Structure formats: structure tokens, C-alpha cells
Amino acid sequence: MKIYDVKYLTIVFLYLLLISHNSSANSSNSELFGENSRWSIDTSLRMTRNLDKSTNAYMQVIGLDVHKVFSHSTNDIGTLVFQPYIVKLNNVKNASFIFDDGNDTKLTWRIANFNYTGLAQGKFNIRIGHFEIPFGLEYQEDTNGTLRQLTVGDRGIKADWGVSVNGILPSVEYEVSLTRGSGNEFLSTGNPHLFSGRIGTPSYNNFITGFSWFTGDVLDGGGVTQRKKLGFDTSYYYYQWQFMMEMSVGETAGNNTLNSFAEVMWKSAQEDISSYLQVGYQRSEIDHKTSDKKAATSYWIAGIKWVGHNAFDISAQYKNKLKDTPTIDIDPIFNVQLRYRM
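Okay, so the sequence shown: first residue is 118 according to this note's numbering, each after it adds one.
1) Could you give the C-beta distance for L286 and F312, rounded to a whole number, given that I count them as a contact under 8 Å?
2) Once DSSP output is grouped into helix, strand and coil, what is the label at E290?
3) Between T374, G397 and V282, which has its C-alpha nearest K411's C-alpha?
4) Tell me, to the nearest whole angstrom, how far the beta carbon of F187 is from that of G180; I am working on the premise that it is less than 8 Å.
5) W322 to Y353, Cα distance in whole Å?
6) Quick check on this structure: which residue in I447, A229, N207 and T225 has the alpha carbon closest to the alpha carbon of F199?
7) Exposed or buried, what is M356 when buried is set at 16 or more other beta-carbons lying within 10 Å of its beta-carbon?
8) Could you check if E292 is buried or exposed, using at least 16 other CB atoms within 10 Å of its CB as the buried criterion?
9) Please check the pair S377 and K384, which I expect to be a contact at CB under 8 Å, by giving their CB distance rounded to whole angstroms.
10) Does H247 pass the burial test, meaning 16 or more other C-beta atoms within 10 Å, or should it be called exposed?
11) Indicate whether F241 and S329 have their beta-carbon atoms separated by less than 9 Å.
12) Taking Cβ to Cβ, would you say Q395 is nearer than 9 Å to I421?
13) Could you give the distance in angstroms between the alpha-carbon of D448 and the alpha-carbon of G270?
14) May I ask you to list the residues that DSSP assigns as paired with D430?
15) Which class does G270 belong to by DSSP, given the choice of helix, strand or coil?
16) Does DSSP put Q257 in a helix, in a strand, or in coil?
17) Pull up the distance between the alpha-carbon of W156 and that of D389, whole angstroms please.
18) Quick check on A412: does DSSP put it in helix, strand or coil?
19) Could you spell out where the beta strand (DSSP E) holding E380 opens and where it closes?
20) With a 10 Å radius around its C-beta and 16 neighbouring C-beta atoms as the bar for buried, classify S432 as buried or exposed.
21) Strictly by DSSP, which residues pair up with I80?
22) Short check: CB of G298 to CB of I274, under 9 Å?
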């Protein structure tokens, strides 16, 4: 890690901390961005340990999280979500292609969109900006900034720039989107694009099911890759337990793929402690142009999280393989993250 990077992140952190302190001392949360708003400074430090290679990698994050509801005298007009984050990597292997290398610093966008809800009382809304791809379990669960991730790795993209229609009907929730397919970057080469959507039962039910689709050309480290996927997901809530499952089939660059995922999560009665166990399986053709041979791998993940009353949380996670192949290798990985929201 370069010295000037550490100084830069420290200065940014202290500046944001000063803003947060002054704002909380002199005004309420809603007064800074107007009525019906909330905001916070979000900071985290993550350490990743590869137990086979005995190497450590680090990620430092500082960001702003703003939510604001715009209202008319009789109804809401829409909701703005604005989440720019500065991400600093140190010694990260196989870093995302948006970074120059594993020791880069970059401005990233988690969510940055406006959802216009003034047309039909929430039944038909229009969202524009940077938002999560509507597909499967990842779309339902807010895993941004956490160690716990679900099935986004199957698709190679989590959030994208574009437009969607969405709404909540008496027995159905839906979102259908047309996006750039470029992820964090709005401008890109190769003309990526993505059409995706999810239609499911209401998210306030104890038992939830959904059907998703995902098709288009997605930007990645090697250029643009054609991806197609159809998925089914289900969730069941029973007291302090949550059971989730997702299955999908599709194609990546013409090679057939099959993915399945399951998770069991437990939360304490106060919801300050949670733990989870995940199992995943993925199978794909190696090269459909030369043969029908397939490669398959499976893995398991165990994690735990503690949330303090002062907006501070600590989480840890361990991942290891159940079965792998020479073409798909999974190293045992241990993660620890400290996070604080001001």
C-alpha cells in the first residue's frame, strides 16, 4: 500500500467524520437533505486470508448513503437512493476488472437511482439510474457492503446503469429492467446490454417464491460475454430462522450452465447476532465447440455477524470446497470485516 493512499483515505475519513459530527450536533438527520430523508457515512475494513497460500488481502471502504422520499401534498412522488463509495484495495488477487490492479483506489457506485412512484400508487413505478439487477435471491436481500453474498457470482454483475419498471400488486411484486450491462462503468466498449427481471410473490409473506430471467452481453475482464439465465428462488421465514434456495440454468459464452444455492440463517431475538450456512453447486460445459465435457464444483460457507447498538458491526466468514475440478479450483478463504455507520 502506498503511503499517499493511506494519507488520502485518512484525510477523507476524518473529513467525513467531522461532517457527521457537526451535522448530528447541530441538526437532525432529516434537515441536511430536507424532509423525509436519512443519511449516513459508511466505513469498513475487510481482511481476506487465503489459508492455502498464506496470503492476506485488504479492502478499505468509505462512502455516503443517502435515502430521500420526495412527496406531494397528498402522495409520494418517488425515492432517491445515492451511494457513492471510495474503495481501496491492497494485495488483492484477481481483483474486479474495474480496478487497474490489486492495489488500486477507485470511486464505485453501489446504488444511485430515482424510483418514480407517482403514477399508480406503487403499482407501476419507473426507476432510472444505477440499481441492483432484478434476479433471484440477491435482488431480495440487501447484501451490499457485507461479507454475506448469495448468487451474484453466477452472473458476473450485481448492479447496472439503466431503467426499469417495477411495482407491488396485491399478490405479485415485479421489476423488469433494460440496462447497460457494464456494471460500475456507464461508458464502455463492446456495446454490452442486459435485459432482466423478476416476478414473485409479496416479500412481506413468510413464504416467498419468484421467477427470474437474465439475458444479454455483460462486460467483464475479457471484454463482453454473452450470458443467458432462467432462475427460480424461494424463501421461508420461521420465527428466527430463514431458509432460502435458488436454482438456475443458462449459458455463458455458449456453454450450458447449471447453478444451485441454499442457505439457512438464524437471528437472535434482538437481531444483533446472526449466523448462516450456505451450500453452492455449479456446473458448466468446458467448451461446447469441441466437446460436451462438463466441469462441476461445490462449496460451503459459514458466517457470523454481530451488530452493536452504536452502528458498529463485526462479521467473519469461512469458505471451502466440497468438490472441485482442475478447471475450477476453490481455495479455503477466511474473511473478517469491521464496519461502522455514522
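Heads up, the beta-carbon is just placed ideally off N, CA and C, and yes, glycines get one too.
Note that the structure is predicted; figures quoted are calculated from it, not measured.
So, from the data block:
1) The Cβ separation is near 21 Å, so there is no contact.
2) strand
3) T374
4) Not confirmed; about 22 Å, so no contact.
5) Note on identity: in this sequence residue 322 is Asn, with Trp being the wrong assignment. Distance between the alpha carbons of N322 and Y353 is about 9 Å.
6) A229
7) The amino acid at residue 356 is misidentified as Met; the sequence shows Tyr. With fewer than 16 Cβ atoms within 10 Å of its Cβ, Y356 is classed as exposed.
8) buried
9) With a Cβ gap of about 24 Å, S377 and K384 do not count as contacting.
10) buried
11) no
12) no
13) 16 Å
14) V424 and R456
15) helix
16) helix
17) 21 Å
18) strand
19) N372 to K384
20) buried
21) In this structure the chain extends from 118 to 459, so residue 80 is not present and cannot be described.
22) yes
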